[in-house]
Structures are given as structure tokens and as C-alpha cells.
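Colleague: Take a look at this one; I'll ask things after.
Protein chains: 2
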Amino acid sequence: MFQQTYANAQGTTNGNGRDPRLIEGIVSSLPLFRDVGRSSVVLVASYTRIAHCRRGEFIAQQGERLPGVIAIAYGLAKLVLPRRKGEEKVLRFIGANESFGEATALLDRPCQVDVVALADTMLAVIPVRPLKQLQERDVTFANNLIATLAGGLLLLVAEIDASIGRSSAQRLAAYLESLALPDAGSDACAVQLPVTKTALAARFGITKETMSRLLRELKERGLIAMTGANITILDRARLAGIAREPAAATTIARGQAACI
Amino acid sequence: MFQQTYANAQGTTNGNGRDPRLIEGIVSSLPLFRDVGRSSVVLVASYTRIAHCRRGEFIAQQGERLPGVIAIAYGLAKLVLPRRKGEEKVLRFIGANESFGEATALLDRPCQVDVVALADTMLAVIPVRPLKQLQERDVTFANNLIATLAGGLLLLVAEIDASIGRSSAQRLAAYLESLALPDAGSDACAVQLPVTKTALAARFGITKETMSRLLRELKERGLIAMTGANITILDRARLAGIAREPAAATTIARGQAACI
DNA sequence: CGGAATGTTGATTATATTCAACTGTTGTGG
DNA sequence: CCACAACAGTTGAATATAATCAACATTCCG
Numbered sequence: 075m076f077q078q079t080y081a082n083a084q085g086t087t088n089g090n091g092r093d094p095r096l097i098e099g100i101v102s103s104l105p106l107f108r109d110v111g112r113s114s115v116v117l118v119a120s121y122t123r124i125a126h127c128r129r130g131e132f133i134a135q136q137g138e139r140l141p142g143v144i145a146i147a148y149g150l151a152k153l154v155l156p157r158r159k160g161e162e163k164v165l166r167f168i169g170a171n172e173s174f175g176e177a178t179a180l181l182d183r184p185c186q187v188d189v190v191a192l193a194d195t196m197l198a199v200i201p202v203r204p205l206k207q208l209q210e211r212d213v214t215f216a217n218n219l220i221a222t223l224a225g226g227l228l229l230l231v232a233e234i235d236a237s238i239g240r241s242s243a244q245r246l247a248a249y250l251e252s253l254a255l256p257d258a259g260s261d262a263c264a265v266q267l268p269v270t271k272t273a274l275a276a277r278f279g280i281t282k283e284t285m286s287r288l289l290r291e292l293k294e295r296g297l298i299a300m301t302g303a304n305i306t307i308l309d310r311a312r313l314a315g316i317a318r319e320p321a322a323a324t325t326i327a328r329g330q331a332a333c334i
Numbered sequence: 075m076f077q078q079t080y081a082n083a084q085g086t087t088n089g090n091g092r093d094p095r096l097i098e099g100i101v102s103s104l105p106l107f108r109d110v111g112r113s114s115v116v117l118v119a120s121y122t123r124i125a126h127c128r129r130g131e132f133i134a135q136q137g138e139r140l141p142g143v144i145a146i147a148y149g150l151a152k153l154v155l156p157r158r159k160g161e162e163k164v165l166r167f168i169g170a171n172e173s174f175g176e177a178t179a180l181l182d183r184p185c186q187v188d189v190v191a192l193a194d195t196m197l198a199v200i201p202v203r204p205l206k207q208l209q210e211r212d213v214t215f216a217n218n219l220i221a222t223l224a225g226g227l228l229l230l231v232a233e234i235d236a237s238i239g240r241s242s243a244q245r246l247a248a249y250l251e252s253l254a255l256p257d258a259g260s261d262a263c264a265v266q267l268p269v270t271k272t273a274l275a276a277r278f279g280i281t282k283e284t285m286s287r288l289l290r291e292l293k294e295r296g297l298i299a300m301t302g303a304n305i306t307i308l309d310r311a312r313l314a315g316i317a318r319e320p321a322a323a324t325t326i327a328r329g330q331a332a333c334i
């Protein structure tokens, strides 16, 4: 499955693809290992292997068993639910210092998603066995594991909420608005999409055609400017307005509610 | 939020709503406490309280903090994502010996869903504090907790997969077919819906009108018989066929692929 | 440069919602 | 026990949303 041989042929690691310090660095940077003692990290790292995938390659496929939790050292990948011919729904994008497969690997169940590299990517494959042992021996790690799983649950529920509770126009508006967050001003603000528009469309569960039309409409209404991949947010307030325009009814009636 | 005073007024429990043996029985029946030692159960039970909800009452509301994990001793409830005026998406139905709120309570985050009793229901409210302590002291419990969270993740991903990858007709067909499972025969088989058609519609993310039309079509095509709430599955094979009719394409085309 | 991937646009169609009216069922209080 | 209200379900017509099909433009790379 993974490019272990390919990894071994790389000049960036030593002869057998196992550079302990590199692997320990990758492992210890994961949220799962936050505040976990060095000895635990070293132990787990001693079992993990590095692999490389080039842009477009599959990191994992729906239906197969994962050998363990897979972490990304650098690069970018997408977790997708495949659909018919060319269609897909992106569940998550994951980048450096993120991991996937915790639930699947721990329960030893077939992987539910395809994982595809969107750029040249370096992976660390952390076998389940040492993770399960660590979970029983290291309270901090167990806490991290639980927090990761619980957080994932909340994210997925929010995902379902958004994908049925709001129109695609609303989801897109909310997303664009969130990209502008860094600078608090309500002035024009150039943002750049982290992935292609087609991939983003899949992220929102729509087609690239629909995405194109939605963006054009936002442009025509003066909320954004766009030339090619370059997007500028012109009216952040109105954009945020669209994001919750129709709906609100129950949310308002209920009091302050959350902010997602 | 919970009807503790109401619970205390019930004749079924003792004066202050705390019957230790009853509570221990409820707690120990939960998947979370499977194989957990009696002393742990007793400890946690000593912190938990019983509450009652009548049909239609809210057990929890979106946006509020849950006091802990909530378990159902008897009765039935639905976890719903509220939408505008009357609309809702049911995430799960939960019945006796099931619980909810693990992720929300452990992370101390606002509840994402409304929880509504569909029948008179008895609840056990298990505060977070003792659960967190137990998670650090009892490996079996920690394992159960992790398994519960991980399982919930997989279910939600499957849920998203179904709700975007298949049409509502497919989801309904798959559901009806699953109801017939008990007897393996392909003959006519009477099934009964566990909840109202309206509630089921919300479970599938469609309106009751659409549900009605879909069922009518299945009836007209001779796949089921239906008079009121009484449904009989007439052609299970064809029903299963509808459930996966269009799709499959990429799954086949994908063959071995992978990244080696 | 040339080809593949990405993005755009229009026309048409599928799917399910919304609105509205109406029927059947159930549970409750007079 | 019946009347009545509340809920559950059905049906049709009009509508909204986004997918699909098809053609073309643009950008990115090797």
C-alpha cells in the first residue's frame, strides 16, 4: 500500500528509511502526543515507519485495513467518500501534524474513505499495537486519544448539520468569511484558497459547476472580487449575513446558542 | 432542564429519587460499563441521578451544557438537529441501555443537538467528573469509552456517506430491507416501523410528504404492501436491488490501483 | 509547445421541498 | 362516551436547488 520501498530510496532519510530522530519529531508534534513523555514517544516512534506519496497517489483506499494511525509530516491529503464516476465528497483535508485513522485502526475495521495525496506528502505509519499499549499505560496519551475522538465526533455532527441545514450558497459564504478571519477589519481582504475550486466543491458536497456559478453570483452581487484563483472579500458583513440568512428561526428563538 | 423534582415525586423510586440498586443496574447495563468491575460501577452510580421525561419533553437542548453523560433506562428518545420552523434532522434514536453526550460532556462543549423524548422515558444522569476519574483509573472503562467514541465516529461517517451518496429512495429501501433481516427467507414479511413515518422521514433527512410518496411508489411497484402503519415486504430482493442500484461504478473501476 | 487538469457557461433534467387542502387516528376533558 | 383538538399521513401543484450533459476557455506543467 504505502511507498515504503520508494521511501527507502529517498535521499532524505538514511539507508533503511528509519531515521529515529526524524520519526520522533513527527510523532511528538501530533496532537495525540501533546504533553506525552519522551519515553513514550520514543517507544511508539521505534515502531513507526516513514512513507512517501506523490501528488495524486492513494494513501489509503476504502475497504482496506489500515496498519495503524497515519500521520502527515508534510504535504496535504484529502479524505473522500467516493461516489459514482469522478464524483466524491471530501470529508476533511489533512496537512502537516495531523493524523487520520484512529477510529478505524483501533476498532480494526475497514477504512471508510479514500485518502489521496494532493501534494507530495511524507507520512508516518504508527502501528496500532503500541498505540493500544500506550493508551493503557499513559494517562496523558489516553486523554489525548479521547479528546481527539470526541473532537472528531463533534466536527462530524457539525458537518452533517451544515450539509443539510444550510444551502450550498450558505456553506460557501460561511467558508469564505472564515478565511478572512485573520485580520479583523471589515475592509477588502485578499484570501487564497488552500486547494483547487474543484476540491473545495467536493468539500461542500457540490459539483464544480455549481461552485463556479455560486462564486459568479457572489461576484456579481459585489461581495467578492475574483480573477482566476485570486479571491478578494469585499463585503464581509454581507457575506456573513448570507451564511445565516434563511434559517435562524429556531436558533434565535432558543437564546444565545453556540457559534459552531 | 431535567425533571428532577418530577422524578422525585414519582412513586417508583424512593423519597429522594435515589435508589442505589436501581441506578447501579442501569449504569452496569450500559455498553460503556461492559466488563467494568462492580466497585467502579458503584462509585459512578453513587454520583448519578434519575430523571423522568414524558413524551414530547426535551431531555436536552442545543446550546446548553450537559451535566454529564445521559443514559436511558427505559423509553425512547431522538437526537435531532433542529432546522427552521418544524423541520428537523434526526441523527439517532436512542433507547434503553443506550447513552448520549459522551463527546460533548467530556470536552465540556455545548450540546449540538436537541434531545426529545418520544415516549415516557427514565434517564440516568452520570456526571462527568467521576467518569473522567474512572477513565484514568479503570483500563476497561477507558477502552469502552474509546470504543464508544470510535464507533460513533464510524457511524457518523457512514451516515454522511449514505445521506449524500444515495438518493432518499435508496436509503428508504435499504432501511426497509434491513428491517426484514430477522427471518432469512425472501418471502413476504410483515415488519413494523419503530417510530412514526414522520419521525422516520426526519431520520432520512426528508419531509413526511416525500416519505409518503416514496412509500406509495414502492407499493405501486409491488415491492411492499402497506395499510396505515402496517408494512409488509413483498419482494426483498428487488428492494435490496434499489438500495444499491446506481453507484458502484468507481468501486469497480478502482481495482488494485493504490500507491503500490 | 502541447496535453492534462482546472474552471466556466448554458440548457436541460432530476430530486425533493414548499404550500395547501384534506383525511384518518388518537388521546383528553367535559 | 363523545366531541374536539392535536397529531399523523396523504395527495396535488408549483417551485427551488443542484446535478447532469455538453461545449468551451484557461491555467499549469513537463
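Residue numbers (this note's numbering), protein chains in the order written: chain B, 75 to 334; chain G, 75 to 334. Glycine included, each C-beta is placed from N, C-alpha and C at the ideal position. The model shown is predicted, which means the values in this text are computed figures rather than measured ones.
(1) Short check: CB of residue 133 of chain B to CB of residue 173 of chain B, under 9 angstroms?
(2) When DSSP labels each residue in this structure, what does residue 349 of chain G get in the three-state scheme?
(3) Measure the beta-carbon distance from residue 313 of chain B to residue 242 of chain B and round it to whole angstroms, keeping in mind my assumption that it falls under 8 angstroms.
(4) Express the C-alpha separation of residue 212 of chain G and residue 214 of chain B in angstroms, rounding to a whole number.
(5) Along chain B, in chain order, which residues have C-beta atoms closer than 8 angstroms to that of residue 234 of chain G?
(6) Hey, out of G/303, G/310, G/276, whose CA is closest to residue 295 of chain G's CA?
(7) Short check: CB of residue 181 of chain B to CB of residue 230 of chain G, under 9 angstroms?
(8) Output, in sequence order along the chain, the residues in the stretch 194 to 216 of chain G whose CB is closer than 8 angstroms to any CB in chain B.
(9) Put residue 164 of chain B into one of helix, strand or coil per three-state DSSP.
(10) Could you tell me which of G/93, G/207, G/102, G/128 sits nearest to residue 190 of chain G, measuring between CA atoms?
(11) From residue 221 of chain B to residue 100 of chain B, what does the alpha carbon distance come to, in whole angstroms?
(12) Would you tell me roughly how many angstroms separate the C-alpha atoms of residue 263 of chain B and residue 155 of chain G, rounded to the nearest one?
(13) Please name the residue, chosen from B/95, B/141, B/163, that lies closest to residue 201 of chain B on a Cα-to-Cα basis.
(14) Decide if residue 60 of chain G is buried, meaning its Cβ has at least 16 other Cβ atoms within 10 Å, or exposed.
(15) Between B/186, B/151, B/120, which lies nearest to residue 139 of chain B when the distance is taken from Cα to Cα?
(16) Please list, in chain order, all residues of the same chain as residue 251 of chain B whose beta carbon is under 7 angstroms from its beta carbon, the five residues on each side excluded.
(17) When the Cα atoms are used, what is the spatial distance from residue 244 of chain G to residue 217 of chain B?
(18) For the stretch 274 to 291 of chain B, which residues have a beta carbon sitting closer than 7 angstroms to at least one beta carbon of chain G?
(19) Which residues share a DSSP beta bridge with residue 209 of chain G?
(20) May I have the straight-line CA-CA distance separating residue 286 of chain B from residue 199 of chain B, to the nearest angstrom?
(21) Quick one: residues in its chain with C-beta nearer than 7 angstroms to the C-beta of residue 136 of chain G, no 5 flanking neighbours on either side, listed in chain order?
(22) Are the C-beta of residue 186 of chain B and some C-beta of chain G separated by less than 9 angstroms?
(23) Assuming residue 167 of chain G and residue 269 of chain G form a contact by the criterion Cβ under 8 angstroms, report the distance between their Cβ atoms to the nearest whole angstrom.
(24) For residue 183 of chain B and chain G, any beta-carbon pair shorter than 9 angstroms?
(25) Any idea if residue 102 of chain B is buried or exposed, counting beta-carbon neighbours within 10 angstroms, 16 or more meaning buried?
(26) For residue 145 of chain G, which residues in chain B fall below 8 angstroms Cβ to Cβ?
Modeller: By the coordinates alone:
(1) No, the pair does not count as a contact, with Cβ atoms beyond the cut-off.
(2) No answer is possible for residue 349 of chain G: the residues shown for chain G start at 75 and end at 334.
(3) Cβ atoms of residue 313 of chain B and residue 242 of chain B stay farther apart than 8 angstroms, at about 15 angstroms.
(4) In this structure, the straight-line span from the alpha carbon of residue 214 of chain B to that of residue 212 of chain G is close to 14 angstroms.
(5) Scanning chain B for C-beta atoms nearer than 8 angstroms to the C-beta of residue 234 of chain G yields 155, 163, 165, 230, 233, 234, 237, reported in chain order.
(6) When the alpha-carbon of residue 295 of chain G is set against those of G/303, G/310, G/276, the nearest one is in G/310.
(7) No, the Cβ-Cβ distance between residue 181 of chain B and residue 230 of chain G is not below 9 angstroms.
(8) Taking 8 angstroms as the upper bound on Cβ-Cβ separation, chain B lies near residues 209, 210, 213, 216 of the stretch 194 to 216 of chain G.
(9) In this structure, residue 164 of chain B counts as strand in the three-state DSSP scheme.
(10) Of G/93, G/207, G/102, G/128, the residue nearest in Cα terms is G/128.
(11) So the alpha carbons of these two residues sit roughly 20 angstroms apart.
(12) Cα to Cα, the separation comes out at about 33 angstroms.
(13) Checking every option, the nearest Cα to that of residue 201 of chain B belongs to B/141.
(14) As displayed, chain G neither begins before 75 nor continues past 334, which places residue 60 of chain G out of reach and without an answer.
(15) Selection B/186, B/151, B/120 evaluated against residue 139 of chain B yields B/186 as nearest (Cα-Cα).
(16) Counting only Cβ-Cβ distances below 7 angstroms, and skipping sequence neighbours, we find 310, 313, 314, 317.
(17) Their Cα atoms are separated by approximately 40 angstroms.
(18) Answer in chain order: 279.
(19) Answer is none; residue 209 of chain G lacks a bridge partner.
(20) Distance from the CA atom of residue 286 of chain B to the CA atom of residue 199 of chain B, rounded to whole angstroms, is 37 angstroms.
(21) So the qualifying residues of the chain are 156, 185, 186, 187, 188.
(22) Yes - at least one Cβ of chain G is within 9 angstroms of the one on residue 186 of chain B.
(23) About 6 angstroms; that satisfies the 8 angstroms criterion.
(24) Answer yes: the Cβ-Cβ gap between residue 183 of chain B and chain G drops below 9 angstroms somewhere.
(25) Under this definition residue 102 of chain B is a buried residue.
(26) Those do not exist, as residue 145 of chain G stays about 17 angstroms from chain B at its closest Cβ, beyond 8 angstroms.
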